[in-house]
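Asks: In this note's numbering, the protein residues as written are 33 to 224. Let me give you the structure first, and then I'll get to my questions.
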Amino acid sequence: MKKTYLSMEAVMITILAFLTAISFFADNLALGFFADIKNPFLDYTLAVFSSPIIIFFVLIAGTAAYVHHKKREGAIPLLASSILTLIATYALKFLFHRARPAAELIIWGMPDFSFPSAHAAIAFCVFAVVEEEFKSIKKLWLIIAVMVTISRVYFSYHYLSDVVSGALLGYVIGIFVVRTGKVMFKKNERKV
């Protein structure tokens with residue numbers, strides 16, 4: 033009898049889905065926990081991971097440059113999944129209109145809603161592509177993605193459920209884009 037194992041993607045999706053389901057019950061608990069542990073060291077350290085500039089330049093542009101340098105075909109799924117993740121995230125934000133835990137954010141004259149977290153979604157969609165294409169640095173990117181996610185709750189920009197849902201959304205889109213790209217690449221390879 034052949035043994036079957038769950039893929040790492042299936043395990044990650046299952047964990048994120050489970051955490052998403054229970055995170056709605058722990059939103060206020062998480063905000064209270066992070067309020068209790070606030071200190072200057074964490075403020076400074078987590079601010080680096082929460083910055084939109086860091087998200088764009090390090091997670092997207094930096095990773096795209098690295099991916100392009102090491103393996104050119106890896107840059108396309110990275111950029112495609114990032115764009116799709118942003119579109120899906122903002123569509124859901126405007127669908128749900130969930131207010132942020134602290135203060136309302138205004139971006140380009142429009143309110144930026146809380147659910148799901150775009151930072152967490154982008155961080156995990158990048159992680160999904162890196163995990164598939166560049167296994168040697170996947171642990172580093174997982175740590176970065178988790179730190180981005182934690183930072184958003186720490187600063188009360190998001191509820192716990194926002195960031196976990198964003199992580200799930202981004203990871204699923206990243207895996208979908210990578211898998212779809214591989215299928216399309218194989219079909220084109222057969223035609224040649």
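Glycine included, each C-beta is placed from N, C-alpha and C at the ideal position.
My output table needs one value for Pro-143: the three-state DSSP class, helix, strand or coil.
Replies: Three-state result, Pro-143: strand.
Asks: Helix, strand or coil for Phe-81? Go by DSSP, reduced to three states.
Replies: Phe-81: helix per DSSP, three-state reduction.
Asks: Using the rule of at least 16 other Cβ atoms within 10 Å of the residue's Cβ for burial, across every protein chain shown, is Ser-168 buried or exposed?
Replies: It is exposed - the Cβ of Ser-168 has fewer than 16 other Cβ atoms within 10 Å.
Asks: Taking buried to mean at least 16 other C-beta atoms within 10 Å of its own C-beta, is His-151 buried or exposed?
Replies: Per the 10 Å Cβ criterion, buried.
Asks: Run through DSSP, which three-state label would Arg-184 get?
Replies: Helix at Arg-184.
Asks: List the endpoints of the continuous alpha helix (DSSP H) containing Phe-2.
Replies: What is shown of the chain runs 33 to 224, which leaves residue 2 out entirely.
Asks: Just how far apart, CA to CA, sit Tyr-76 and Pro-84?
Replies: In a straight line, the C-alpha of Tyr-76 is about 15 angstroms away from that of Pro-84.
Asks: Taking only the alpha-carbon atoms, compute the straight-line gap between Val-185 and Met-179 and give it to the nearest angstrom.
Replies: Approximately 10 angstroms between the Cα atoms of the pair.
Asks: So, with DSSP's three-state summary, where would you put Phe-208?
Replies: Residue state, collapsed to three classes: helix.
Asks: Confirm, please, whether the CB-CB distance from Val-158 to Ser-114 is below 9 angstroms.
Replies: Yes; because the gap between Cβ atoms is below 9 angstroms, this pair is in contact.
Asks: Restricting to Cα atoms, I'd like to know which of Tyr-203, Ile-108, Leu-172, Ala-79 is closest to Pro-148.
Replies: If we check each option's Cα against that of Pro-148, Tyr-203 comes out closest.
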